[in-house]
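Engineer: Residue numbers are given in the working numbering: position 127 of the sequence shown equals residue 154, and the series is strictly consecutive. Don't be surprised by glycine CBs; every beta carbon is placed ideally from N, CA and C. Keep in mind that this is a model prediction, so the values were computed, not measured. Shown below is the structure under consideration.
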Amino acid sequence: MGFCAHCGGTSQDGARFCPKCGNPIGVVSVAKQALRTANSYLDEVVAMGGSINKVSSLSRGDASAALKTLDLAERQLQTAESTSEPSESTEIGESVRLARVTSLMCQGMILGITMGNRIESVRLIEQSISLEGSFPMSHYCLGLMRVELGQREGAIEALKRAVALDPNNLDYTKTLDRVQNESNFAIAMHSFRGSKPLLGCLSIMAVLSIPMGFLMMVSGGVGEGMMMMFVNVGFWGGLAFLYWKMKTR
């Protein structure tokens, strides 16, 4: 038994016309029909959430339905692998591999962006990259999920790979620049917060502003001295207070 290449209906071996659509038989194997069915499921999911913007707008109900459709696609891919004839095993194997890359990528995007399961999302996207590493979207999504997990070095590495594969994509380059700038700022703030001498220096400057103000009052005038003292105490004391608050966060 095979499947009609026109409508997908079953036909007996040796039949000349499809009993379902009446067209001349152009029979495809069970494996190829399973592969076609799997790809139709994948097309359905891609249409629902094939981009970051679409996935982020999916409801949880639609996301659950998409995941069920992807599960059906995976079962068809398994059927295609297990039923392929020796003469078509190479073709079927390559097609199944690429279809599975799409399936894993879609699962990862939906789980990470819509469902919030970023750890599982990273695992699935990394698995898709292990099967095919030349798709820039895979590396881009991996970078986004790693950012959400706080893995900034890994995120930057993935985003750099996405930019290298598709340098003309502005979303990739802008996201990479933003993550790199945030990472550099975080490193600088960590060093800033860890500098104990800085707090002492700021406090000393605030304290020294008081006698300096009195000296100016004696030598120049009360108004100017008072103004200088209050401004400097406020400035250096304010910086010391802000720094102390950052260290205690």
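Using the Cα positions of Ser165 and Ser114, report the straight-line distance between them to the nearest angstrom.
Structural biologist: Here the question's residue 165 lines up with position 138 in the sequence shown. Here the question's residue 114 lines up with position 87 in the sequence shown. Between Ser165 and Ser114, the C-alpha separation is close to 32 Å.
Engineer: Please look up how many angstroms separate the CB atoms of Ala126 and Leu94, rounded, as I've assumed it's under 8 Å.
Structural biologist: As a position in the sequence shown, residue 126 is number 99, starting the count at 1. As a position in the sequence shown, residue 94 is number 67, starting the count at 1. With a Cβ gap of about 16 Å, Ala126 and Leu94 do not count as contacting.
Engineer: Have a look at Val206 and Ala182 and give me their C-alpha separation to the nearest angstrom.
Structural biologist: For the purposes of this step, residue 206 is identified with residue 179 of the sequence shown, where counting begins at 1. For the purposes of this step, residue 182 is identified with residue 155 of the sequence shown, where counting begins at 1. Roughly 8 Å between the two C-alpha positions.
Engineer: Could you give the DSSP three-state label for Phe194: helix, strand or coil?
Structural biologist: The residue you call residue 194 lines up with position 167 of the sequence shown. Looking at the sequence provided, one finds Pro at residue 194 rather than Phe. Coil.
Engineer: Between the Cα of Arg188 and those of Val174, Arg179, Gly170 and Lys201, spot the shortest distance and give me the residue it belongs to.
Structural biologist: Working through the sequence shown from its first residue, we reach residue 188 at position 161. For Arg188, the nearest C-alpha among the options comes from Gly170.
Engineer: Tell me the DSSP secondary structure of Glu112 in three-state form.
Structural biologist: Within the sequence shown, residue 112 is the residue found at index 85, counting from 1. Residue state, collapsed to three classes: coil.
Engineer: If you draw a straight line from the C-alpha of Ile137 to the C-alpha of Arg124, how long is it?
Structural biologist: For the purposes of this step, residue 137 is taken as the residue at position 110 of the sequence shown. For the purposes of this step, residue 124 is taken as the residue at position 97 of the sequence shown. Approximately 20 Å between the Cα atoms of the pair.
Engineer: According to DSSP, simplified to helix, strand and coil, what is Ser86?
Structural biologist: In the sequence shown, counting from the first residue as 1, residue 86 sits at position 59. In this structure, Ser86 counts as coil in the three-state DSSP scheme.
Engineer: From Ala61 to Ser86, what distance separates their C-alpha atoms?
Structural biologist: Taking the first residue of the sequence shown as position 1, residue 61 is located at position 34. Taking the first residue of the sequence shown as position 1, residue 86 is located at position 59. Using only the alpha carbons, I get a separation of about 29 Å.
Engineer: If we call anything under 7 Å between Cβ atoms a contact, is Glu184 one with Arg145?
Structural biologist: The residue given as residue 184 occupies position 157 in the sequence shown. The residue given as residue 145 occupies position 118 in the sequence shown. Their beta carbons are not under 7 Å apart, which means Glu184 does not touch Arg145 by this criterion.
Engineer: Can you check which of these residues, Ala65, Asn196, Val82 and Ser56, is closest to Val128 by C-alpha distance?
Structural biologist: Here residue 128 corresponds to residue number 101 of the sequence shown, with the count starting at 1. With distances taken between Cα atoms, Val128 lies closest to Ala65.
Engineer: Could you pull out every residue in the same chain whose Cβ sits closer than 6 Å to the Cβ of Thr156, ignoring the five residues on either side in sequence?
Structural biologist: As a working mapping, residue 156 is identified with position 129 in the sequence shown. The sequence given here places Ile at residue 156; Thr does not occur at that position. If we look at Ile156 and ignore the five residues flanking it on each side, its Cβ neighbours are Ser165.
Engineer: Determine the DSSP secondary structure at Met164, reduced to helix, strand or coil.
Structural biologist: As a first step, residue 164 must be located in the sequence shown, where it is residue number 137. Looking at Met164 - three-state DSSP - the assignment turns out to be helix.
Engineer: Just to confirm the assignment, what range does the alpha helix (DSSP H) spanning Ile137 have?
Structural biologist: Within the sequence shown, the letter at position 110 stands for residue 137. From DSSP, Ile137 is part of no alpha helix (DSSP H); its letter is neither H nor E.
Engineer: With a threshold of 16 other CB atoms inside 10 Å of the CB of Leu203, please say whether the residue is buried or exposed.
Structural biologist: The residue given as residue 203 occupies position 176 in the sequence shown. By the 10 Å Cβ count, Leu203 comes out buried.
Engineer: Looking at the structure shown, is Gly177 part of a helix, part of a strand, or coil, going by DSSP?
Structural biologist: Residue mapping note: residue 177 aligns to position 150 of the sequence shown, counting from 1. Three-state result, Gly177: coil.
Engineer: Can you give me the C-alpha to C-alpha distance between Cys133 and Ser67, rounded to a whole angstrom?
Structural biologist: Counting from one through the sequence shown, the residue named residue 133 turns up at place 106. Counting from one through the sequence shown, the residue named residue 67 turns up at place 40. Distance between the alpha carbons of Cys133 and Ser67: 14 Å.
Engineer: Pull up the distance between the alpha-carbon of Thr141 and that of Ser83, whole angstroms please.
Structural biologist: Residue numbering aside, residue 141 sits at position 114 when the sequence shown is read from its first letter. Residue numbering aside, residue 83 sits at position 56 when the sequence shown is read from its first letter. Computed Cα separation, rounded: 6 Å.
Engineer: So, Pro163 versus Leu192, is the Cβ gap smaller than 7 Å?
Structural biologist: The residue you call residue 163 lines up with position 136 of the sequence shown. The residue you call residue 192 lines up with position 165 of the sequence shown. In this structure, Leu192 lies closer than 7 Å to Pro163 by Cβ.
Engineer: By DSSP, does Asn144 sit in helix, in strand, or in coil?
Structural biologist: Locating residue 144 in the sequence shown gives position 117, counting from the first residue. DSSP places Asn144 in coil when its eight states are reduced to three.
Engineer: Quick one: grab the DSSP three-state call for Ser56.
Structural biologist: Counting from one through the sequence shown, the residue named residue 56 turns up at place 29. DSSP places Ser56 in coil when its eight states are reduced to three.
Engineer: Measure the C-alpha to C-alpha separation of Asp89 and Cys168 and round it to an integer number of angstroms.
Structural biologist: Numbered from its first residue, the sequence shown carries residue 89 at position 62. Numbered from its first residue, the sequence shown carries residue 168 at position 141. Looking at the two C-alpha atoms, the distance is approximately 20 Å.
Engineer: Expressed to the nearest angstrom, what Euclidean distance is found between the alpha-carbon atoms of Arg179 and Glu147?
Structural biologist: Your numbering for residue 179 matches position 152 in the sequence shown. Your numbering for residue 147 matches position 120 in the sequence shown. Their backbone Cα atoms lie some 18 Å apart in a straight line.
Engineer: Secondary structure at Glu153, three-state DSSP: helix, strand or coil?
Structural biologist: Stepping through the sequence shown from its first residue, residue 153 is reached at position 126. Glu153 falls in the helix class under three-state DSSP.
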